[in-house]
Amino acid sequence: MDFEANLAKLESLLNKLENEQTTIDESLKIYEQAITLSKKCIDSINKSKGKLEMLTQELNKIDFDIN
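Here you go:
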């Protein structure tokens, strides 16, 4: 799954946690899933950040002086 899909699933899980009808056992399972998805989202953000930093370094190497 990509970042957006993981984030949407995470939001869905959080809504389930907020539901008063959710049992404690269900809540624990949902919480565990939410932690896993949170880690995946953080990994995606870190990978994107690294790629942006690399691209910025490449951009900074370009000489835009036309003269």
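Here the sequence shown stands for residues 32 to 98, numbered as in this note's numbering.
Glycine residues also receive a C-beta, built at the ideal position from the N, C-alpha and C atoms.
Is the beta carbon of residue j closer than 8 angstroms to that of residue i?
i     : j     : result
Lys47 : Thr53 : yes
Leu83 : Asn37 : no
Which residue's Cα is closest to the Cα of residue i: the options?
i     : options             : result
Ile66 : Asp94, Lys40, Ile97 : Lys40
Met32 : Gln88, Lys60, Asp74 : Asp74
Under the rule that 16 or more other beta-carbon atoms within 10 Å means buried, what is residue i, buried or exposed?
i      : result
Leu109 : Residue 109 lies beyond the range of the chain shown here (32 to 98); nothing can be said about it.
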